[in-house]
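S.K.: One structure, as structure tokens, below. Some questions next.
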Amino acid sequence: MGCPHCGRVHEAPGPDMCVRCGWRLAANVPDTSLQWVWAWFFAGLIAYIPANIYPMLRTQSLGRTSESTILEGVVELLHYGSYSVAIIVFVASIAIPIGKFFAIAYLALSIQRKVRQGVHGRYRLYEVVEFIGRWSMIDVFVVAILAALVQLDFAATINPGIAAISFALSVAFTMLSAQSFNPKTIWAYGDHSKT
Amino acid sequence: MIACPTCDALYTLPDVAEGARARCRRCHTVLTAPRNGAMTRIVMLASTSFILMLAAIFFPFLELTAAGRTQRSSIMDVVLVFADGPFVGLAIAVGALIVVLPLLRLLALIYVLAPMSFGWRPARDAIPVFRFSERIKPWSMAEIFIVGVAVALIKVAGLAHLSLGPAFWAFAALVLVVALKDNFMCRLTIWKTLEHRRQ
Numbered sequence: 042m043g044c045p046h047c048g049r050v051h052e053a054p055g056p057d058m059c060v061r062c063g064w065r066l067a068a069n070v071p072d073t074s075l076q077w078v079w080a081w082f083f084a085g086l087i088a089y090i091p092a093n094i095y096p097m098l099r100t101q102s103l104g105r106t107s108e109s110t111i112l113e114g115v116v117e118l119l120h121y122g123s124y125s126v127a128i129i130v131f132v133a134s135i136a137i138p139i140g141k142f143f144a145i146a147y148l149a150l151s152i153q154r155k156v157r158q159g160v161h162g163r164y165r166l167y168e169v170v171e172f173i174g175r176w177s178m179i180d181v182f183v184v185a186i187l188a189a190l191v192q193l194d195f196a197a198t199i200n201p202g203i204a205a206i207s208f209a210l211s212v213a214f215t216m217l218s219a220q221s222f223n224p225k226t227i228w229a230y231g232d233h234s235k236t
Numbered sequence: 002m003i004a005c006p007t008c009d010a011l012y013t014l015p016d017v018a019e020g021a022r023a024r025c026r027r028c029h030t031v032l033t034a035p036r037n038g039a040m041t042r043i044v045m046l047a048s049t050s051f052i053l054m055l056a057a058i059f060f061p062f063l064e065l066t067a068a069g070r071t072q073r074s075s076i077m078d079v080v081l082v083f084a085d086g087p088f089v090g091l092a093i094a095v096g097a098l099i100v101v102l103p104l105l106r107l108l109a110l111i112y113v114l115a116p117m118s119f120g121w122r123p124a125r126d127a128i129p130v131f132r133f134s135e136r137i138k139p140w141s142m143a144e145i146f147i148v149g150v151a152v153a154l155i156k157v158a159g160l161a162h163l164s165l166g167p168a169f170w171a172f173a174a175l176v177l178v179v180a181l182k183d184n185f186m187c188r189l190t191i192w193k194t195l196e197h198r199r200q
């Protein structure tokens, strides 16, 4: 079996840790990685609900207070006419998280059902999920920057809303979920082509 | 002999020419991509990013003018916005993601690779340190922060006049240098060299 980190080859009933780099060797059966995937997945899903219901930003301008959720933030950007930024925010904080939930669930289910088809496509999907998940953090950073910058007392003040916390948590949980995947389980029941 | 880190296909790796890359035939993961003088370059680039990071933290990042008042904020202010009330956890998280973890990763890389680029024996505990730096890699989000800045700029553009401070440019340069550095990194070569030199 091979080390998932540095590729060193060990003899079959190998040690728990790679002798070269000390990474945990997960090829031992039964593979419990899926349980972790599901655990983080549901944690992320639960955190994602309040992230959409509660306000992300609290803007006080000339005595008026307005609160906006993630979706309202996108709509507001559309009203200003900055379509490209609206699309970035929409993709980063709505499309990517929801797409990620579906992608992780699909990957985990197809491993559990031992689906043999489309291994290459599924592996590609896994790579995309792992790579793109971090980018959802954009909205949290935007809130932080706005709140740090716009503190002009009466004229305008921006404060973070409670959704910022749950959204950040949701992103972190789904990142952990994607990292818990053992990519070898995708290959295990699939491709038998010559290497 | 090595096993592909993602799909376990076994290979006897030939000597890969410098500048070339070896990919797994089954899953197309890059197995190894040695670069000429990569270790020295990584150390240089990591040191550069370290200095840029220090500049980025302490100089003013953005400046906002509205109704005759000016508000300046550095990255530290961005982190500290969340510091009161229920947002403490978020302050720690944001600080970790954009400042602490990237800094730690740079320091760890310098610690591991600098002795090796001089041709010395690896430093003590180089192995756990390098493993740590690889583990925190997905969590250092400096480049995402830059995109966040861009979005925030457009959001307040109608509200007030904004100008970018020196720290913004330092941070933007940092993101580029880090990307360049990661491009030179070949995990397998580093592990092989670490193992080889330790004996």
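Taken in order, these protein sequences are the chains called A and B.
The opening position of the first sequence corresponds to residue 42 in the numbering used here, with each subsequent residue numbered one higher.
The opening position of the second sequence corresponds to residue 2 in the numbering used here, with each subsequent residue numbered one higher.
Glycine included, C-beta positions come from ideal geometry on N, C-alpha and C.
Three-state secondary structure (DSSP) at P123 of chain B?
M.R.: If DSSP states are grouped into helix, strand and coil, P123 of chain B belongs with coil.
S.K.: Let's see if you can read the secondary structure: which residues bound the alpha helix (DSSP H) around L217 of chain B?
M.R.: Outside the displayed span of chain B (2 to 200) sits residue 217 of chain B, for which this structure offers no information.
S.K.: Short of 9 angstroms Cβ to Cβ, which residues in the region 88-117 of chain B face chain A?
M.R.: Those would be F88, G90, L91, A92, A94, V95, L98 and I99, in chain order.
S.K.: Would you mind reading off the limits of the beta strand (DSSP E) that contains T49 of chain B?
M.R.: From DSSP, T49 of chain B is part of no beta strand (DSSP E) but of the alpha helix (DSSP H) over A39 to F59.
S.K.: Does the distance from the C-beta atom of V78 of chain A to that of A149 of chain A stay below 8 angstroms?
M.R.: Yes, these two residues count as a Cβ contact at 8 angstroms.
S.K.: What is the DSSP secondary structure of P201 of chain A, counted as helix, strand or coil?
M.R.: Here P201 of chain A sits in strand by DSSP.
S.K.: With I179 of chain A and I145 of chain B assumed to form a contact (beta carbons below 8 angstroms), what rounded beta-carbon distance in angstroms separates them?
M.R.: With a Cβ gap of about 6 angstroms, I179 of chain A and I145 of chain B count as contacting.
S.K.: If you measure from the beta carbon of M58 of chain A to each beta carbon in chain B, is any gap under 8 angstroms?
M.R.: False, the Cβ-Cβ gap to chain B never drops below 8 angstroms.
S.K.: For chain A, check one thing: does any of its Cβ atoms lie closer than 8 angstroms to the Cβ of I155 of chain B?
M.R.: Closer than 8 angstroms: yes.
S.K.: Is it true that the CB of T100 of chain A sits closer than 8 angstroms to the CB of I199 of chain A?
M.R.: Contact flag set, yes.
S.K.: For M58 of chain A, name the three-state secondary structure that DSSP assigns.
M.R.: Correct three-state label for M58 of chain A: strand.
S.K.: Hey, does D16 of chain B have any beta-carbon neighbour from chain A nearer than 8 angstroms?
M.R.: Not closer than 8 angstroms to any Cβ of chain A, the Cβ of D16 of chain B fails to qualify, so no.
S.K.: Under the three-state reduction of DSSP, which class applies to G90 of chain B: helix, strand or coil?
M.R.: DSSP places G90 of chain B in helix when its eight states are reduced to three.
S.K.: Show which residues of chain B have a CB atom less than 9 angstroms away from the CB atom of G63 of chain A.
M.R.: Those within 9 angstroms of G63 of chain A in chain B are I128, P129 and R132.
S.K.: Considering only the alpha carbon of each residue, which of A:I173, A:V130, A:P56 and A:M97 lies closest to L217 of chain A?
M.R.: The residue with the shortest Cα to Cα distance from L217 of chain A is A:I173.
S.K.: Figure out for me which residue from B:K156, B:K182 and B:L195 has the closest Cα to the Cα of L65 of chain B.
M.R.: When only C-alpha atoms are compared, the closest one is B:K156.
S.K.: For chain A, is any of its Cβ atoms less than 8 angstroms away from the one on F59 of chain B?
M.R.: No, no contact with chain A.
S.K.: Starting from Q72 of chain B, trace the beta strand (DSSP E) in both directions and tell me its first and last residue.
M.R.: Start and end: R70 to S74.
S.K.: Rounding to the nearest angstrom, what Cα-Cα distance links A219 of chain A and R70 of chain B in this structure?
M.R.: Whole-angstrom Cα-Cα distance: 45 angstroms.
S.K.: At a CB-CB cut-off below 7 angstroms, which residues of chain A make contact with S74 of chain B?
M.R.: The contacting residues are A189 and L190.
S.K.: Write down the C-beta distance between L181 of chain B and L55 of chain B rounded to the nearest angstrom, noting that I regard them as a contact closer than 8 angstroms.
M.R.: The pair is not a contact, with the Cβ atoms about 19 angstroms apart (cut-off 8 angstroms).
S.K.: In chain B, which residues lie less than 8 angstroms from V130 of chain A when you measure between Cβ atoms?
M.R.: Simply V152.
S.K.: Using the beta-carbon count (16 or more within 10 Å), is Y112 of chain B buried or exposed?
M.R.: By the neighbour-count rule (16 or more Cβ atoms within 10 Å), Y112 of chain B is buried.
S.K.: Residue range of the beta strand (DSSP E) that R99 of chain A falls in?
M.R.: Looking at the DSSP string, the run of the beta strand (DSSP E) that includes R99 of chain A is L98 to S102.
S.K.: Tell me, which residues are paired with R105 of chain A by DSSP?
M.R.: Answer is A:S102.
S.K.: Is there a C-beta anywhere in chain A that falls below 8 angstroms from the one on D78 of chain B?
M.R.: It does: the Cβ of D78 of chain B has a partner Cβ on chain A nearer than 8 angstroms.
S.K.: From V70 of chain A to F82 of chain A, what does the alpha carbon distance come to, in whole angstroms?
M.R.: Because the pLDDT of V70 of chain A is 47, which lies under 50, any placement of that residue in the model is unreliable, and the number read from its coordinates should be weighed accordingly. Answer to the nearest angstrom: the Cα atoms are 22 angstroms apart.
S.K.: Distance, Cα to Cα, G48 of chain A vs I191 of chain B?
M.R.: Answer to the nearest angstrom: the Cα atoms are 12 angstroms apart.
S.K.: Buried or exposed: which applies to L11 of chain B, given that a residue is buried once 16 or more other Cβ atoms fall within 10 Å of its Cβ?
M.R.: L11 of chain B is exposed by the Cβ-count criterion.
S.K.: Hey, is P167 of chain B's beta-carbon within less than 8 angstroms of any beta-carbon in chain A?
M.R.: Cβ-Cβ to chain A under 8 angstroms: no for P167 of chain B.
S.K.: Does I191 of chain B come out as helix, strand or coil in the three-state DSSP assignment?
M.R.: Helix, per DSSP.
S.K.: Hey, R42 of chain B and F185 of chain B: beta-carbon distance below 8 angstroms or not?
M.R.: Cβ atoms of R42 of chain B and F185 of chain B: closer than 8 angstroms.
S.K.: Can you tell me whether V220 of chain A is helix, strand or coil according to DSSP?
M.R.: Residue identity differs from the one stated: residue 220 of chain A is Gln in this sequence, not Val. Note: Q220 of chain A maps to helix in three-state DSSP.
S.K.: Excluding five sequence neighbours on each side, which residues of the same chain lie with their C-beta closer than 7 angstroms to the C-beta of A88 of chain A?
M.R.: Closer than 7 angstroms at Cβ, skipping near neighbours: S207, L210, S211 and F214.
S.K.: Given a cut-off of 8 angstroms, decide if H46 of chain A and P6 of chain B are closer than it, judged by their beta-carbon atoms.
M.R.: Cβ distance < 8 angstroms, so P6 of chain B and H46 of chain A count as in contact.
S.K.: Going by the DSSP bridge assignment, what does Q192 of chain A pair with across the sheet?
M.R.: Q192 of chain A pairs with A:T198.
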